[in-house]
Structures are given as structure tokens and as C-alpha cells.
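A.B. asks: Each number in the numbering used here comes from the position in the sequence shown (counting from 1) with 221 added on.
Note that the Cβ used here is the ideal one computed from N, Cα and C, for glycine as well.
Mind having a look at this structure? Questions to follow.
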Amino acid sequence: MISSCEKKDDSREVDLLLALTAVQPPDQASSYDRDVQIITRTTQGFPINCDVDYTDDDLDYYVEMLKTEIARYPRGYWIKAGAESVTLCRNLKVLGSDVAGTTGFTGSILLNVMDRIASYDSIIFDYATGTWINYLDTDYGYTSDPRGTIHHELTHAVDHHVPGFIAFFDPEWGNLNYPGFQYGNSYDPKNPPAEIVKNMNPVPGFVSYYATERNIEDRAEIGRVIMARPSTYNRLVQVCRNDPIVAAKVRKTVSEWKQFWPFPGAENTEWKIRMTQAERDCN
């Protein structure tokens with residue numbers, strides 16, 4: 222008995238793949254040239270709890286702040302990340318747990334509008350220095366800055382749009398940590414050590430205690446402090462000088478973001494300026 226195998230003719234499949242590739246528009250900035258939609262007073266379904274009874278003052282403050290942060294990036298950056306819309310909620314919860322923000326796999330972002338949020342962005346007297354400063358610039362206040370949450374969630378959105386979800390399974394990122402470290406082993410959200418919650422470098426290699434939970438949160442926290450307000454960014458610079466792991470994570474993040482948005486025309490944006498600063502300051 223003789224059996225034979227017929228060699229498969231792949232030419233038609235190759236032609237089909239070439240045809241599909243040909244109809245795909247080139248990746249260019251103009252493909253993403255549209256505004257991010259800010260959605261307010263719109264409830265959500267399970268598993269999201271999104272109250273909409275925020276005050277007009279709180280909502281107006283947050284909307285203007287969000288517009289300012291969006292404008293720091295190249296036009297279209299948010300759209301390429303899938304963040305076509307940002308929904309603002311009061312008492313935002315996911316599966317019953319309070320969250321400051323959340324990002325879907327499509328890139329859509331939901332953010333929590335804290336009660337009396339404008340009061341956080343206020344001038345107070347700092348007895349340690351004898352000067353008047355913004356509360357969000359203090360060692361305790363910077364972790365309450367809602368701007369940080371915006372950039373944290375946008376980093377998630379960018380990671381969701383990296384081909385192959387490599388952000389979730391990136392051994393190169395994990396290898397940056399100190400030997401033997403495992404995400405989640407030191408993180409207990411119900412009982413965080415009080416002395417390190419407000420510390421930007423609570424564990425070697427990390428910019429927050431929350432960053433030790435999972436690698437995707439680690440990445441998002443690095444993104445948060447890179448694009449943070451100047452006082453928080455200055456804290457990051459000091460950490461980079463003393464923690465080579467954090468410095469390496471910053472450099473890797475900047476490199477990935479520049480690959481994500483390689484288009485010309487971003488030279489004068491705050492995003493591009495901060496990328497250049499971070500490469501220099503965490504070198």
C-alpha cells in the first residue's frame with residue numbers, strides 16, 4: 222500500500238494576505254485626528270457602578286482638568302490608544318469595590334470624580350517650610366492628585382493596544398525587578414503598611430506600593446509619575462538617581478511610548494518634552 226501526501230498550494234492564501242494587507246490604511250497620525258468624547262451624567266451597567274449626582278462645581282472642575290491633561294499629548298494619541306471616550310462617575314465601583322478609575326480592553330476609560338475635588342487643588346500653609354504651597358505638591362497630597370489617575374488609566378489603554386498583549390506577558394519587564402521578586406506577594410490592599418503608602422519608592426524598583434500588585438499596575442504607575450505634575454515628576458527624578466530599577470522601567474516605558482506614537486508633529490507637545498526629560502533624568 223502506497224500513500225502519498227499532496228503538497229498544499231499556498232499561493233492563493235499568500236495572495237489573499239497580500240490583498241488584505243494592501244487595503245489596510247497606513248498607520249499615520251491623521252487616522253486618529255478626532256476629539257476624545259467626555260461623557261457625563263450617564264450611568265453604567267454591571268459590573269460598573271457609576272453615580273452621576275456629582276455637583277456642578279466638582280464636575281466642571283474635573284472636565285476642565287481632564288481637557289488640559291488630554292491636550293498635553295499629541296492630538297490623536299488617546300484615540301490610537303482606544304480612548305475614544307472618557308466617562309466621569311461619582312462613587313465609581315467595579316464589582317462593588319471603590320476605584321479611582323478603570324480601563325476596558327477597548328481602551329474606554331471611566332474616572333471617579335471625588336467629592337469637593339477642587340479643594341484638593343488648593344493652597345495651604347506648609348509649616349515645615351514656612352511657605353504657602355499647593356496641597357497636591359506635598360508629600361501626602363500628591364497621591365490624591367486626580368491627574369495621576371488619568372495618566373495611570375491612559376497607560377493601561379496604551380498597553381491594551383500593544384500587538385499581542387505583550388504588556389501583560391512581558392518577561393523583559395519582569396526581569397528588571399530584583400531577583401526573587403514576585404508580584405502580589407507584598408501587596409495587601411486591605412492592610413497596607415501605613416508608613417509606605419505615601420512613599421514614592423516604598424519597595425526597591427517601584428514607584429508606589431500599589432505597583433507591586435501586578436506587572437500591568439507597575440507599568441501604569443510608571444506612566445502615572447512620568448506624566449505627573451512637576452512636583453511629582455521631580456520626586457521621580459530623585460528616585461531614578463538612587464534606584465536603577467525604576468530608572469530602567471522609565472527608560473523602557475519612554476521607548477515603548479515613542480514606538481507607539483512615532484509620528485512627526487509632536488515636538489512641541491508636553492508629552493514629547495516630558496519624554497525627552499525622562500530619558501535624560503533617568504539615564
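Using only the alpha-carbon positions, how far apart do isoleucine 494 and methionine 421 sit?
C.D. replies: By 1-based counting over the sequence shown, the position of residue 494 is 273. By 1-based counting over the sequence shown, the position of residue 421 is 200. Spanning the two alpha carbons is a distance of roughly 23 angstroms.
A.B. asks: Using 10 angstroms around the beta-carbon of aspartate 336, count the other beta-carbons present and answer buried if the total reaches 16, otherwise exposed.
C.D. replies: Position 115 of the sequence shown holds residue 336. It is exposed - the Cβ of aspartate 336 has fewer than 16 other Cβ atoms within 10 Å.
A.B. asks: Go ahead and label glutamate 285 buried or exposed: buried means 16 or more other beta carbons lie within 10 angstroms of its beta carbon, across all protein chains shown.
C.D. replies: Taking the sequence shown and counting its residues from 1, the one referred to as residue 285 is at position 64. By the neighbour-count rule (16 or more Cβ atoms within 10 Å), glutamate 285 is not buried but exposed.
A.B. asks: Just tell me which of Thr364, Arg501 and Cys503 has its CA closest to the CA of phenylalanine 452.
C.D. replies: Counting from 1 along the sequence shown, the entry for residue 452 is found at position 231. Phenylalanine is not the amino acid found at residue 452; the sequence shown has serine there. Looking at the Cα atoms, Thr364 is the closest of the given residues.
A.B. asks: Measuring only the C-alpha atoms, how far is aspartate 347 from aspartate 391?
C.D. replies: Position 126 of the sequence shown, counting from 1, holds the residue named residue 347. Position 170 of the sequence shown, counting from 1, holds the residue named residue 391. Roughly 42 angstroms between the two C-alpha positions.
A.B. asks: Looking only at its chain, what residues have a beta carbon closer than 8 angstroms to the beta carbon of proline 382, apart from the 5 residues adjacent to it on each side?
C.D. replies: By one-based count along the sequence shown, residue 382 stands at place 161. First, the residue type needs correcting, since residue 382 is histidine and not proline in the sequence shown. Within the same chain, histidine 382 has close Cβ partners Lys301, Ala302, Gly303, Gly328 and Phe481.
A.B. asks: Where serine 340 and leucine 287 are concerned, what is the direct C-alpha to C-alpha distance, given to the nearest angstrom?
C.D. replies: In the sequence shown, residue 340 corresponds to position 119, counting from 1. In the sequence shown, residue 287 corresponds to position 66, counting from 1. In a straight line, the C-alpha of serine 340 is about 16 angstroms away from that of leucine 287.
A.B. asks: Beta carbon of valine 467: closer than 8 angstroms to some heavy atom of the ligand HEM?
C.D. replies: Summarising the ligand content, the structure contains no ligands, and the ligand HEM is consequently not present.
A.B. asks: On the three-state DSSP scale, how would you describe threonine 289?
C.D. replies: The residue you call residue 289 lines up with position 68 of the sequence shown. Helix at threonine 289.
A.B. asks: Where does tryptophan 478 land, buried or exposed, given buried means 16+ other C-beta within 10 angstroms?
C.D. replies: As a first step, residue 478 must be located in the sequence shown, where it is residue number 257. Buried, since its Cβ has 16 or more Cβ neighbours within 10 Å.
A.B. asks: Identify whether arginine 166 lies in helix, strand or coil by the three-state DSSP scheme.
C.D. replies: Look at the range of the chain in this structure, 222 to 504, and you will see that residue 166 is not part of it.
A.B. asks: Along the chain, where does the beta strand (DSSP E) containing valine 383 start, and where does it finish?
C.D. replies: In the sequence shown, the residue the question calls residue 383 occupies position 162. No beta strand (DSSP E) holds valine 383; DSSP gives it neither H nor E.
A.B. asks: Does the structure place the region 425–444 close enough to the region 401–410 that three or more beta carbon pairs sit under 8 angstroms?
C.D. replies: Touching, yes.
A.B. asks: May I ask you to verify whether the region 256–273 touches the region 455–465, counting CB pairs closer than 8 angstroms and requiring at least 3?
C.D. replies: Verdict: no, contact absent.
A.B. asks: Helix or strand or just coil, what does DSSP make of serine 429?
C.D. replies: Indexing the sequence shown from 1 puts residue 429 at position 208. Residue state, collapsed to three classes: coil.
A.B. asks: Can you look up tryptophan 482 in the DSSP assignment and give me helix, strand or coil?
C.D. replies: By one-based count along the sequence shown, residue 482 stands at place 261. Three-state result, tryptophan 482: coil.
A.B. asks: For phenylalanine 317, count neighbouring C-beta atoms within 10 Å of its own C-beta (all shown protein chains included) and say buried if the count is 16 or more, exposed if not.
C.D. replies: Start at 1 with the first residue of the sequence shown, and residue 317 comes out as number 96. Before going further, note that residue 317 is glycine rather than phenylalanine in the sequence given. Exposed, since its Cβ has fewer than 16 Cβ neighbours within 10 Å.
A.B. asks: Which value, in whole angstroms, describes the spacing of the CA atoms of aspartate 319 and alanine 441?
C.D. replies: Here the question's residue 319 lines up with position 98 in the sequence shown. Here the question's residue 441 lines up with position 220 in the sequence shown. Their backbone Cα atoms lie some 18 angstroms apart in a straight line.
A.B. asks: May I have the straight-line CA-CA distance separating phenylalanine 326 from threonine 359, to the nearest angstrom?
C.D. replies: Along the sequence shown, read from residue 1 onward, the residue named residue 326 stands at position 105. Along the sequence shown, read from residue 1 onward, the residue named residue 359 stands at position 138. About 34 angstroms.
A.B. asks: What are the start and end residues of the alpha helix (DSSP H) that includes leucine 457?
C.D. replies: On the sequence shown, position 236 is the one that residue 457 refers to. Taken as a continuous stretch (DSSP letters only), the alpha helix (DSSP H) holding leucine 457 covers 451–463.
A.B. asks: What's the C-alpha gap between leucine 332 and serine 407?
C.D. replies: Position 111 of the sequence shown, counting from 1, holds the residue named residue 332. Position 186 of the sequence shown, counting from 1, holds the residue named residue 407. If I take the Cα positions, the gap works out to 27 angstroms.
A.B. asks: Going by the beta-carbon positions, is the gap between serine 306 and isoleucine 330 smaller than 9 angstroms?
C.D. replies: Stepping through the sequence shown from its first residue, residue 306 is reached at position 85. Stepping through the sequence shown from its first residue, residue 330 is reached at position 109. Taking 9 angstroms as the Cβ cut-off, serine 306 and isoleucine 330 qualify as a contacting pair.
A.B. asks: From the DSSP output, in three-state form, read off threonine 352 for me.
C.D. replies: Taking the first residue of the sequence shown as position 1, residue 352 is located at position 131. Correct three-state label for threonine 352: strand.
A.B. asks: Can you tell me whether glycine 486 is buried or exposed, with buried defined as 16 or more other CB within 10 angstroms of its CB?
C.D. replies: In the sequence shown, the residue the question calls residue 486 occupies position 265. Classification for glycine 486: exposed.
A.B. asks: For the beta strand (DSSP E) that contains threonine 323, what are its first and last residues?
C.D. replies: Translated into positions along the sequence shown, residue 323 becomes position 102. Note, threonine 323: beta strand (DSSP E), 322–324.
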